[in-house]
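K.L.:
Sharing a structure below in structure tokens format, with a few things to ask.
Numbering (the numbering used here), first residue to last: 3 to 204.
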């Protein structure tokens, strides 16, 4: 069987090690060894561990984020929000073990945040994408005109992220995606729909 290209092997190894050990504990040397290549070969494809981390999220977990936005009028708002909630919750569930260890290493966290800014990436991007979708639906009359779409997007994705975080250290099972996603979509939509939108600011 033909061996995978080196870049793919490196991404596979990084994904596996970052998921099991956490970003802070994994070294590029260990990733290269697991991928069956030299550390010098790794740096031919990735400038830093932070860049490799971003590419792991984008290429291994990225498909989960493809519907964190949607075109207005494409299916119903509730159906779109249900799919966005399902994908977002699954993304955070799978990426949380990778990123959580950053908070134990302040220096690495600062380097990682700087790398994310330089690459135009970061956890705020999905919020901006969902906000843009909600504003488009608002212009189309399917979201209440006084609704704060940025606040709604932040609450929505924050709850999806919290589902990953809150149950990680407990023995309780996470709420199943098949019930969490539609229930949360319906709950948010009740607060921002044209029929039951928030009151005008005083």
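For each residue, glycine too, the CB sits at the ideal point set by N, CA and C.
Quick one: is residue 77 buried, meaning 16 or more other Cβ sit within 10 Å of its Cβ, or exposed?
P.N.:
exposed
K.L.:
Reducing DSSP to helix, strand and coil, say where residue 28 ends up.
P.N.:
coil
K.L.:
Report yes or no: do three or more beta-carbon pairs, one from the region 156–165 and one from the region 88–95, lie closer than 8 Å?
P.N.:
yes
K.L.:
Between 197, 184 and 61, which lies nearest to residue 140 when the distance is taken from Cα to Cα?
P.N.:
197
K.L.:
From residue 89 to residue 179, what distance separates their C-alpha atoms?
P.N.:
9 Å
K.L.:
On a CA-only basis, which of 38, 39, 16 and 37 is nearest residue 28? Give me that one, please.
P.N.:
16
K.L.:
Could you check how far apart the C-beta atoms of residue 126 and residue 194 are, in whole angstroms? I think they sit under 8 Å.
P.N.:
Between residue 194 and residue 126 the Cβ distance is about 20 Å, and since that is not below 8 Å, they are no contact.
K.L.:
Are there 16 or more other CB atoms within 10 angstroms of the CB of residue 51, so buried, or fewer, so exposed?
P.N.:
With 16 or more other Cβ atoms within 10 Å, it is buried.
K.L.:
From residue 23 to residue 38, what does the alpha carbon distance come to, in whole angstroms?
P.N.:
19 Å
K.L.:
What's the gap between the Cα of residue 30 and the Cα of residue 44?
P.N.:
8 Å
K.L.:
Buried or exposed: where does residue 167 fall if 16 or more other Cβ atoms within 10 Å of its Cβ makes it buried?
P.N.:
exposed
K.L.:
Just to confirm, is the Cβ distance from residue 155 to residue 130 under 9 Å?
P.N.:
yes
K.L.:
Can you give the Cα-Cα distance for residue 172 and residue 20, rounded to whole angstroms?
P.N.:
Each residue's alpha carbon lies about 21 Å from the other.
K.L.:
Taking the beta carbon of residue 128 as the centre, do at least 16 other beta carbons fall within 10 Å, making it buried, or is it exposed?
P.N.:
buried
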